[in-house]
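Residue numbers (this note's numbering): 3 to 190.
Now the structure itself:
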C-alpha cells in the first residue's frame, strides 16, 4: 500500500512539474539545503554523513519550491543508493551537496558514496518509468528534477567517473534564461 501511495504521489508531482512555470526569487541556497536535510531526516544523528560545501552567501535565482523538489529528489535518490550498499563496504555513507556561482550561473552538485548507477539506469536517465534502480521504483525523481531544472533554463547531467553517483545541474540567472532566449528565436 505504501509503495502504491508513493507511486501515485510521484505521478501527480510529475504532472505538476510539467505545468508550473518557475516563480523566481532570490533563494538562500544554504537555508534551502538545510530544509532538504531536515525533510530527509538526516539532521542530527544519522548513519549517513552530510556535507554541504556551499559558497558563502550563495543565492539562486529560482523558484524556491521547485529547487527544493530538485534537491529533495536527488538527495533522496542518494540516500536510497546508500541503503543498497553492501553492509561490509568500508566506504562511509555520505551525501555531499555543493553550490557555487560561476558568473551569472549557479552550479550545484549532489553526490553520494553509493554503488553508482548501472549501465541500464545510465541508459535511461531522465526517462519516466524507465530509469529506476529500485524494485518497484517509478524512476520519476530524476525526470521531475530534470524538467524543473530545464524550466529554469538550466541543464542537468550525470558526472561520469566518480565514486557513487554525482549529478551536476546549473541554474542561470533570469538574464541568461536559455529557454526564453530559445523561445524568442523560435518565434522570430
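Glycine residues also receive a C-beta, built at the ideal position from the N, C-alpha and C atoms.
Contact annotation: the stretch 148-164 does not touch the stretch 35-47, with fewer than three C-beta pairs closer than 8 Å. With respect to the C-alpha of residue 128, the residue from 96, 155, 104 and 169 having the closest C-alpha is 169. Residue pairing by DSSP puts residue 114 in a beta bridge opposite 97. Distances from the CA of residue 115 to each of 158, 94 and 107 were compared; the closest alpha carbon is that of 94. Taking the Cβ atoms as the reference, residue 166 lies roughly 7 Å from residue 83, within the contact range of under 8 Å. Per the C-alpha coordinates, the member of 97, 31 and 189 positioned closest to residue 70 is 31. The continuous alpha helix (DSSP H) containing residue 70 extends over residues 66-85.
For residue 127, there is no enclosing beta strand (DSSP E), as DSSP marks it with neither H nor E. If the five residues before and after residue 74 are omitted, its C-beta is found closer than 8 Å to the C-beta atoms of 38, 41 and 42, all from its own chain and listed in chain order.
Taking C-beta atoms under 8 Å as the contact rule, residue 102 and residue 112 fail to qualify, at a distance of about 13 Å. Around the beta carbon of residue 26, a 10 Å sphere encloses 16 or more other beta carbons of the protein chains shown; the residue is thus reported as buried. Taking 8 Å as the cut-off, the Cβ atoms of residue 29 and residue 61 count as close. Ranked by Cα distance from residue 117, the first of 159, 158 and 97 is 97.
Closest by C-alpha distance to residue 52, out of 105, 59, 33 and 77, is 77. Residues of the same chain with a CB within less than 6 Å of the CB of residue 63, apart from the 5 flanking positions on each side, are 26, 175 and 176 in chain order. Residue burial annotation: residue 49 is exposed, with fewer than 16 other C-beta atoms found within 10 angstroms of its C-beta. The beta carbon of residue 45 sits closer than 7 Å to the beta carbons of 39 from its chain, once the five residues preceding and following it are set aside; these are given in chain order.
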